[in-house]
Structures are given as C-alpha cells and as structure tokens.
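From first to last, the protein sequence lines are chains A and B. In case it helps, the numbering used here puts the first sequence at residues 6 to 387. In case it helps, the numbering used here puts the second sequence at residues 345 to 495.
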Amino acid sequence: MKAMVYRGPYQVGVEEKPEPVIEHPNDAIVRVTLASICGSDLHLYHGMMPDTRVGTTFGHEFIGEVVEVGTSVQNLAVGDRVMVPFNVYCGSCYFCARGLYSNCHNVNPNATAVGGIYGYSHTCGGYDGGQAEYVRVPFADVGPSVIPDWLDDADALLMTDALATGYFGAQLGDITPGDTVVVLGAGPVGLFAARSAWLMGAGRVIVVDRLDYRLEKARAFAFAETRNYEHYRDIIVELKNATDGLGADVVIDAVGAEADGNRPQHVTATKLKLQGGSPVALNWAIDGVRKGGTVSVLGAYGPMFSAVKFGDAMNKGLTLRMNQCPVKRQWPRLLEHIKSGFLTPSDIVTHRIPLDEVADGYRMFSGKEDGIIKALLVPSGS
Amino acid sequence: MDPYTAGTERPPFDAEALRSRIPGWGADSDPADRPSSPRERFDPAASGAHWDVPERQAGGEDRERSIEHRQLTPVFGTTSPLRGVSGVIRRFAYDNFSEGRAAHWLLLIAGDRVEAMGARFERDPVRAAAPWLIGAAAVGALVSLRRGRRG
C-alpha cells in the first residue's frame, strides 16, 4: 500500500509499505478514505518528539471503511464507515474505566505518562497512523464509531481530534456565563476552542496569534476579537488593557511545543531540543489570566521539562487543567451541536491534498504557506 | 470591572445579544452538564469493552518498554522495531532510565539523530558524507598549517 513514511526531520514522502494485518483478536483493519495533518504532527516532522523512528507512518486523524475484523470484534462489521478517535485505548484499565481514554495504561509499553496515539512516535506506543491507504485499529469494539448517515466526511474527520480537542479545551477552562476567555493560537484547535467557549457561555472571546489570515478566520468563524501579538511591544500588557487590568478569567493554550514569541525559549526548545517544548504560550497564559483564574492547556508538549513560570502560577492562585482529549466522550454532544448548526467544523478546511503529495502538504503546513489552516489528505482510490 | 474595586459578583453581559449573534451561545452553560464533567466517573461498561482484562497480543518477547511498566502492555505497536546503532542507544535508554530521568529522553533523541543520519546516508551517501569529508579536510589542513609554522 501507499503510505506516508518518515525518513528524518523534514524528510517525509509516500512509499510502498506492507498493508497492516490483524495482530490482536480485537483489531480491525480500516481502509482510510480521508485523513489530515495535525498541528502536532509538525512536532514529529521537526524532529521534536523523542523516539520518532525512520519508517513510521504518521496520522492520528482519519476515517474510513472497515475491511477486516479480528475474531473477538462484536461492535463493527466489514463495510462499516467509521470515524476513529486519535486515542488508542483498551476500555478496561484503571484509567479507561474512569473515562480517561486518553490516558490508557494497556496500549503503550514505551511510556506510562502517555496513552496510545496513532502515528505519534514510539513515545505514544509505536502504532502506525492513518496517513496511508490502510491502518491497523486496535480495540475496534471500543474506539471507532459508525459515522451517522447525515454527517459528511470532513466533519466526521474533524471529530477524531481537532474539534473534539478544542471543545474539550473550552470545558477544561470551567467557563461560566459572562467569562472573558482568551485563546492563544488560531490554528484549527484554537479556532474550535474559541467557538466552543461561546457554547459554554463566554461573554467575550479574544484570540491571539501572529498570522493575520488565521486571525481573520477567528473573527469570521469563531466570532472572536483578535490580537496579533507582533503588533504589540508586550502582548500581556495589551491583554491586561483589554480586560480593564484584571486579566482574562480563562486562558486556553492551543499552541504547544513550538510557540514563537520569545527567541531564547524558541531556540532552546524548538531548535536545540533542550526543553520538551517552548513554553511561551503557557507562560503567556499564566501571565494573561487573572488571579484565581483557570488555564486550560491543549497544546502538545514533549516529555522533557520546560521553563514554566510556576512561581507566578502559584502566587496568582491559578487552576491549571490539561490532558490529551478523551475524544469519544465528546462525540454524543458534538453530534447534537453539529446537527443543530451550532458547530460547522469543515468551515476551517482550506486544502485537500492527495496522499501522494503529502510531502508538499507538510512543507506548506510547516511554513504556513498559501493561507493554510487545515489540510485534509485524500488517499488515492478513496 | 477592574481589579481595584469589588465590582459585581459576575461580569455584566448581554446574554440575549450574544444568543442572537452566535449560534448555540450558552448551550453548554451548565458546567455539570458537559461531556467531560465530572473528569472521572467510574463506569467500566461505558467504553464498550467486553473483557475485564484484554487478551495479550502475540509476540513482544523482545519488545522494549518503560521500566515504569511492571509488564509489557497487552497490546502494543509493532512498526519500525529497534535495529542498528540507534536501536542499541534506544534500548539502553529504555532499560536503564525511567521516564523521570532526562537521560532517558536525551538518549532517545540521540537515537533519533543517529538513525536519521543513517537514513540520509542510505538515501544519498555522497551528499550525506560531504559535510564530514569537507570538515575532516579542513581540520587536516589546519593541523598541517600549524605543523608547517612550527617547523
């Protein structure tokens, strides 16, 4: 089969690879009909995640058709059109039994700190991802769901990670009606978090980024006020000015490990890999939120330490809430909201790229070229 | 509201104006009625799993794992198994350092770089070797120059 293959930092392409096989009785094999490149895939592309091995296939956002099931699979059948959460999880460990599907203990031998994630290095379990024609889906009775007939493919695809994660991030903020919410990052997750903040009852939503075309999307899609941090000498002073000196009630970090905005942090983390990720956005969240407020962290960071302003977080009495999103918990409500027209996820899709051109897709997404916000990958034959 | 005075208990806002401008405004405004609330709820049946303990995946006798795991997980990824010099470095990291040690992660990153260099060499040995050869030639020239000046 054709699959995206990683050959080193900034070196990806499409190669022939053996099709996946059933390796466990509850596996399914899914023929991928639509996939995408996530902002967090760029951390892999840039060589930032430890134990990213040559020959692996990325891609934790995909939908497709079930083509084979293992002997113990009961809830899926060959031919089912399914959306698959980016979490690989067993459904039965201590954490899954408590609804923490993104923290499963039974699927990732390489790290106890991380659950299982498709196509996200051996640090996340060593599973090939869905930027391919076929993918192995473990615990098929637990993760995937049949896509409702009325839901179109692009919306279903966005349910597997970006939309669910943004929606989850707004919940992590414990937003109550009237709150002022700042979202750092106007990528797909940030846009969905901003839109979701209104569902939680926010009184104001302000999105911060450095790319004007994404801030324009934040205004149009997420009804947000916006600030381009490169236009201000100090974005924290601007956020305080914008909130009458209080700071925001909630700040959502939808940026993560490769945050720009501070050269020493960016260089030591992103270029020299001496930190698990540049904590610029996290520190801006700590600085920009009011005393007693809540910081919600969705941005992905690597497993090493980062230089975080923890003293300020403590002195301000902040609540920090974070996790990889337990995707399937969000689906029933998200389906209601999409059906009601409250959420229109595929409005943020800007590019559809054939799988054969995945290298171009990564280059464009990494360089923020051509107004890219969300790129879908289309395997040939789908 | 400002930080120097008490203000009102909740910030003033016009719910009707927001509701008319933003589709679905306030649909999830009850914090107790959100999908991730409560954060943890003990309900093993909710996941759809029809086992208490998953069957174990075959193979895995030589599978690397974190020393913070008491056993190999029942299910595991099998792409790109350890091999070569990078595999030796990675296995050393897994076998000797917990996830709490910087050495664990720095060694894994080193393994990544060694493997990537090897992959580059396989793809295009001349281009991959060129910087090293040029560097070695430059060092050799400098050493000769110093010896020439002393002599």
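Backbone N, C-alpha and C define an ideal beta-carbon position, used for all residues, glycine too. Computed from a predicted structure; not experimentally measured.
State buried or exposed for residue i, treating a residue as buried only when at least 16 other CB atoms are found within 10 Å of its CB.
| i | result |
| --- | --- |
| residue 478(B) | exposed |
| residue 286(A) | buried |
| residue 319(A) | exposed |
| residue 221(A) | exposed |
| residue 100(A) | buried |
| residue 440(B) | exposed |
| residue 519(B) | Nothing in the structure corresponds to residue 519(B), since chain B is present only between 345 and 495. |
| residue 469(B) | exposed |
| residue 386(B) | exposed |
| residue 31(A) | buried |
| residue 250(A) | exposed |
| residue 225(A) | exposed |
| residue 15(A) | exposed |
| residue 367(A) | buried |
| residue 67(A) | buried |
| residue 136(A) | buried |
| residue 212(A) | buried |
| residue 239(A) | exposed |
| residue 346(B) | exposed |
Applying a beta-carbon distance threshold of less than 7 Å, which residues of chain A neighbour residue i?
| i | result |
| --- | --- |
| residue 373(B) | 182, 205 and 206 |
| residue 516(B) | The requested residue 516(B) does not occur in the structure, where chain B is confined to residues 345 to 495. |
| residue 417(B) | 111, 112, 113 and 114 |
| residue 395(B) | 97 |
| residue 471(B) | What residue 471(B) touches in chain A: nothing, since even the nearest Cβ is about 12 Å away. |
| residue 459(B) | 58 and 59 |
| residue 452(B) | 55 and 56 |
| residue 485(B) | Under the 7 Å cutoff, chain A gives no residues; its nearest Cβ is about 29 Å from residue 485(B). |
Locate the beta strand (DSSP E) running through residue i, then write down its first and last residues.
| i | result |
| --- | --- |
| residue 357(A) | 356-359 |
| residue 395(A) | Lying outside 6 to 387, the shown extent of chain A, residue 395(A) is not represented and no answer is given. |
| residue 297(A) | 294-302 |
| residue 466(B) | Segment 446-467 is the alpha helix (DSSP H) holding residue 466(B); no beta strand (DSSP E) there. |
| residue 233(A) | 230-233 |
| residue 380(A) | 380-383 |
| residue 88(A) | 86-89 |
| residue 139(A) | 139-142 |
Going by the DSSP bridge assignment, what does residue i pair with across the sheet?
| i | result |
| --- | --- |
| residue 11(A) | 17(A) |
| residue 209(A) | 185(A) |
| residue 327(A) | 302(A) |
| residue 44(A) | In DSSP, residue 44(A) forms no bridge with anything. |
| residue 92(A) | 122(A) |
| residue 34(A) | 73(A) and 141(A) |
| residue 39(A) | 68(A) |
| residue 214(A) | 233(A) |
Could you please give the first and the last residue of the uninterrupted alpha helix (DSSP H) stretch that includes residue i?
| i | result |
| --- | --- |
| residue 245(A) | 240-247 |
| residue 172(A) | 167-177 |
| residue 196(A) | 193-204 |
| residue 67(A) | Segment 67-74 is the beta strand (DSSP E) holding residue 67(A); no alpha helix (DSSP H) there. |
| residue 359(B) | 359-365 |
| residue 227(A) | 217-227 |
| residue 2(A) | Nothing in the structure corresponds to residue 2(A), since chain A is present only between 6 and 387. |
| residue 368(A) | 363-372 |
| residue 438(B) | 428-440 |
| residue 316(A) | 315-320 |
| residue 164(A) | 158-164 |
Just to make sure I have the definition right: I need the residues of chain B whose C-beta is within less than 7 Å of the C-beta of residue i. Which are they?
| i | result |
| --- | --- |
| residue 301(A) | Correct list: empty, because the minimum Cβ distance to chain B is about 11 Å. |
Taking residue i as the query, report the chain B residues whose CB atoms sit under 9 Å from its CB, ordered along the chain.
| i | result |
| --- | --- |
| residue 176(A) | 372, 375, 378, 379, 380 and 381 |
| residue 384(A) | Going along chain B, no residue has its Cβ under 9 Å from residue 384(A), so there is no contact; the nearest lies around 18 Å. |
| residue 133(A) | 421, 422, 423 and 424 |
Using a Cβ cut-off of 8 Å, pull out every chain B residue sitting near residue i, in sequence order please.
| i | result |
| --- | --- |
| residue 308(A) | 443 and 449 |
| residue 370(A) | None at all; the shortest Cβ gap to chain B is about 20 Å. |
| residue 80(A) | 392 |
| residue 259(A) | The contacting residues do not exist; residue 259(A) stays about 16 Å from chain B at best. |
| residue 30(A) | 399 |
Against residue i, what residues of chain A qualify as contacts under a CB-to-CB distance less than 9 Å, listed in chain order?
| i | result |
| --- | --- |
| residue 359(B) | 182, 183, 206 and 208 |
| residue 386(B) | 102, 103 and 104 |
Counting only Cβ pairs nearer than 8 Å, list the residues of chain A close to residue i.
| i | result |
| --- | --- |
| residue 369(B) | 203, 204 and 206 |
| residue 456(B) | 52, 55, 56, 57 and 58 |
When you measure from the CB of residue i to every non-hydrogen atom of the ligand FAD, does any distance come out below 7 Å?
| i | result |
| --- | --- |
| residue 259(A) | Only the bare structure without any ligand can be found here, which leaves the ligand FAD out of the picture. |
Inter-stretch contact at 8 Å, needing at least 3 Cβ pairs: the segment 412-426 of chain B / the segment 104-122 of chain A: The segment 412-426 of chain B makes contact with the segment 104-122 of chain A; the number of CB pairs closer than 8 Å reaches 3 or more.
At least three beta-carbon pairs within less than 8 Å, the segment 106-113 of chain A to the segment 80-95 of chain A: Yes, since at least three Cβ pairs between the segment 106-113 of chain A and the segment 80-95 of chain A fall closer than 8 Å, the two stretches touch.
At least 3 beta-carbon pairs within less than 8 Å: the segment 73-84 of chain A vs the segment 30-47 of chain A: Segment contact: the segment 73-84 of chain A against the segment 30-47 of chain A, three or more CB-CB distances shorter than 8 Å; contact assigned.
The segment 335-344 of chain A / the segment 393-407 of chain B touching (three or more Cβ pairs under 8 Å): The way I'd put it, the segment 335-344 of chain A doesn't touch the segment 393-407 of chain B; fewer than three beta-carbon pairs between them come closer than 8 Å.
Validate contact between the segment 165-176 of chain A and the segment 184-195 of chain A using beta carbons, cut 8 Å, 3 pairs: Yes, the segment 165-176 of chain A is in contact with the segment 184-195 of chain A.
Sufficient close CB pairs (3 or more, under 8 Å) joining the segment 149-164 of chain A to the segment 368-377 of chain B: Segments in contact, no.
Segment contact flag, the segment 224-240 of chain A with the segment 196-208 of chain A, C-beta cutoff 8 Å, min 3 pairs: Here the segment 224-240 of chain A makes contact with the segment 196-208 of chain A; the two share three or more CB pairs at distances below 8 Å.
Stretch pair the segment 452-463 of chain B + the segment 423-433 of chain B: three plus CB contacts closer than 8 Å: Three or more Cβ pairs closer than 8 Å define a contact, and the segment 452-463 of chain B meets that threshold against the segment 423-433 of chain B.
Cβ pair count under 8 Å reaching 3, the segment 322-331 of chain A against the segment 348-365 of chain A: Between the segment 322-331 of chain A and the segment 348-365 of chain A, the count of Cβ pairs shorter than 8 Å is below three; the stretches do not touch.
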